[in-house]
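Here's the structure we're looking at; comments come further down.
Protein chains in written order, with our numbering: chain A, 1 to 102; chain B, 103 to 569.
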């Protein structure tokens, strides 16, 4: 998929390979690379997953693999959690449980 | 191609780390060396008074930015709830400072207001802060108001590209104020990226640990003292502060003292994350709190100068009378209670000290007052529901029972009922001993000893026991 110059994208770049990471890290962290994600506008046409340059909102130039086009926000309020209903029941019972309905 | 890029990067890594002192000095606008004593100490109070502002000036800066003067509310229903488990004559009145009312939704705006003001005054074109929390949003909002550029550096993803929903929300909020957000995978090398950005942009380091970053919180303590005296004719018996990097506790305590509330007890509190390693890729998404926890609270209390400036202005051990921990389940429980009984939906992390206040109130007399000094905004991602839903997806078991038996990273235990809400106490003696491990006690001068007495908050006799 060819992405137009000027499109708002998210890029990712590896900053440090596992062998280059700081000392005194736990093994699980030491075994994986340090990566960076930044958003900005493409300074050149690019294929998805190719390396490209972008300009960020502060005007900095960055370089990395194009991971997402027009990146969305995907966080929300999550799934239904039954335990929250239980907490509510406990609190209301603690507070008003002994009193009769009026 | 990739290899070439990487080898260039690693060279830069060492260059940058070796150039740390210069970059820091240029980006904070403070000559820290001028405050150093011979030996181990430095002139903390001189640094704070030279670089800080009087309360009237801080208030002026904050008021112009819609920061401060937040409501201090008595939580009648929560107090009534806590009293159900107190013996006769006990159950302190619980008050809450609704810091969510600040610009950007947390008390961090107090700190950001001063940092950004200073950056503007010193002529910097932009500000940078390394934070995954509310401080990022606060710096971004204040920078937007002052017309400065802003970059926030966040530790965001584990190696599977998965992030805490709370951190994703903070990124969104920063971007809504026009800031650039640089997101990284887990690891302390975030500091390298942070330094590199400071060096590249020549922006101001809006550090949480600078004198301004702590000075800005003093109004919070000051307002509590002033308002309590006006309303109740006395200062509160205790103020409880959620503790991570130490600035919240330090600033609040200093503000209370400035107002004259010298007898108010300062109680620190953190979410108990014992057993989870803060630099671990695997542990990163097994916790439900990204700040206000022991993973920051303990190391920053016992070694404040581990921060991103040469001398941290946040020195909690100087001011702390007690240090408590709460489990994750109790903080979530009290977050839901606050919504149900008081109609206040506020973010979970900021309610850490509220959960502890619920437990502490039972031990205090009913005419005594305990003030919980912050709340934070809540929303998509940073809310009990997405955070618990995320925990479940990461294999964390949600249970009801005795919260003191919670195993961080394995389960979250909610109290079976209100009577189970309890804190654990951290012995300040252990923290002081741990602080002293960073000190070479071989040849301490008189000035060194004076410094250590202040640092540990102890008298000479006690200090000698630690030496």
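Ideal Cβ placement from N, Cα and C applies to all residues, glycine included.
- Under a 10 Å Cβ-count criterion, residue 182(B) is classified as exposed, with fewer than 16 other Cβ atoms of the shown protein chains found around its own Cβ.
- Residue 420(B) is classed as buried because its beta carbon has at least 16 other beta carbons within 10 Å across all chains shown.
- Where residue 367(B) is concerned, the enclosing beta strand (DSSP E) starts and stops at 367 to 373.
- Interface annotation, residue 83(A): in contact with chain B, CB-CB separation under 8 Å.
- Among the residues of chain B, those whose CB is under 9 Å from the CB of residue 38(A) are 282, 283, 284, 285, following chain order.
- With contacts defined as CB atoms closer than 8 Å, residue 216(B) and residue 163(B) qualify as a contacting pair.
- Per DSSP, residue 322(B) has no beta-bridge partner at all.
- Checking the DSSP bridge columns, you'll see residue 427(B) partnered with 372(B), 526(B).
- Among the CB atoms of chain A, none fall inside 8 Å of the CB of residue 524(B).
- With a 10 Å radius around the Cβ and a threshold of 16 neighbouring Cβ atoms, residue 566(B) comes out exposed.
- At the C-beta level, residue 267(B) and residue 489(B) come within 8 Å of one another.
- Taken through DSSP and simplified to helix, strand or coil, residue 493(B) comes out as helix.
- DSSP, read as helix, strand or coil, puts residue 475(B) in coil.
- DSSP places residue 285(B) in the strand class (E or B) of the three-state scheme.
- The C-beta of residue 496(B) comes no closer than 8 Å to any C-beta of chain A.
- As summarised for the stretch 221 to 283 of chain B, the continuous beta strand (DSSP E) elements at least 3 residues long and confined to that stretch are 228 to 232, 251 to 259, given in chain order.
- In the DSSP assignment, residue 16(A) falls within the beta strand (DSSP E) that extends over 8 to 16.
- Neighbours of residue 384(B) in chain A, taken as residues whose beta carbon is under 7 Å from its own, are 28 in chain order.
- The beta-bridge partner set that DSSP reports for residue 52(A) consists of 64(A).
- Ranking 56(A), 61(A), 5(A), 33(A) by CA distance to the CA of residue 45(A) puts 5(A) first.
- Sequence-distant Cβ neighbours of residue 391(B) in its own chain, meaning closer than 8 Å and more than five residues away, are 373, 375, 430, 433, 450, 451, 454.
- Each residue's CA atom was taken as its position, placing residue 521(B) and residue 186(B) some 8 Å apart.
- Annotation: Cβ neighbours of residue 261(B) in chain A (cutoff 9 Å, chain order): 28, 29, 31, 32, 33, 35.
- When the alpha-carbon of residue 248(B) is set against those of 543(B), 445(B), 166(B), 237(B), the nearest one is in 166(B).
- Boundaries of the alpha helix (DSSP H) around residue 401(B): 396 to 404.
- Between residue 322(B) and residue 366(B), the C-beta spacing is not below 8 Å.
- At least one CB atom of chain A sits nearer than 8 Å to the CB of residue 274(B).
- Counted as a single uninterrupted DSSP element, the stretch harbouring residue 35(A) is not any alpha helix (DSSP H) but the beta strand (DSSP E) occupying residues 34 to 42.
- Residue range 349 to 361 is occupied by the alpha helix (DSSP H) that includes residue 355(B).
- The alpha carbon of residue 78(A) has as its nearest neighbour, out of 556(B), 541(B), 485(B), 551(B), the alpha carbon of 485(B).
- Short of 8 Å from the beta carbon of residue 295(B), and not among the five residues preceding or following it, lie these beta carbons of its own chain, in chain order: 255, 284, 286.
- With contacts defined as CB atoms closer than 8 Å, residue 300(B) and residue 230(B) qualify as a contacting pair.
- Our two residues, residue 356(B) and residue 491(B), have alpha carbons roughly 39 Å apart in a direct line.
- Residues of the same chain with a CB within less than 6 Å of the CB of residue 543(B), apart from the 5 flanking positions on each side, are 569 in chain order.
- Remark: C-beta atoms of residue 227(B) and residue 305(B) approach each other more closely than 8 Å.
- Around the beta carbon of residue 317(B), a 10 Å sphere encloses 16 or more other beta carbons of the protein chains shown; the residue is thus reported as buried.
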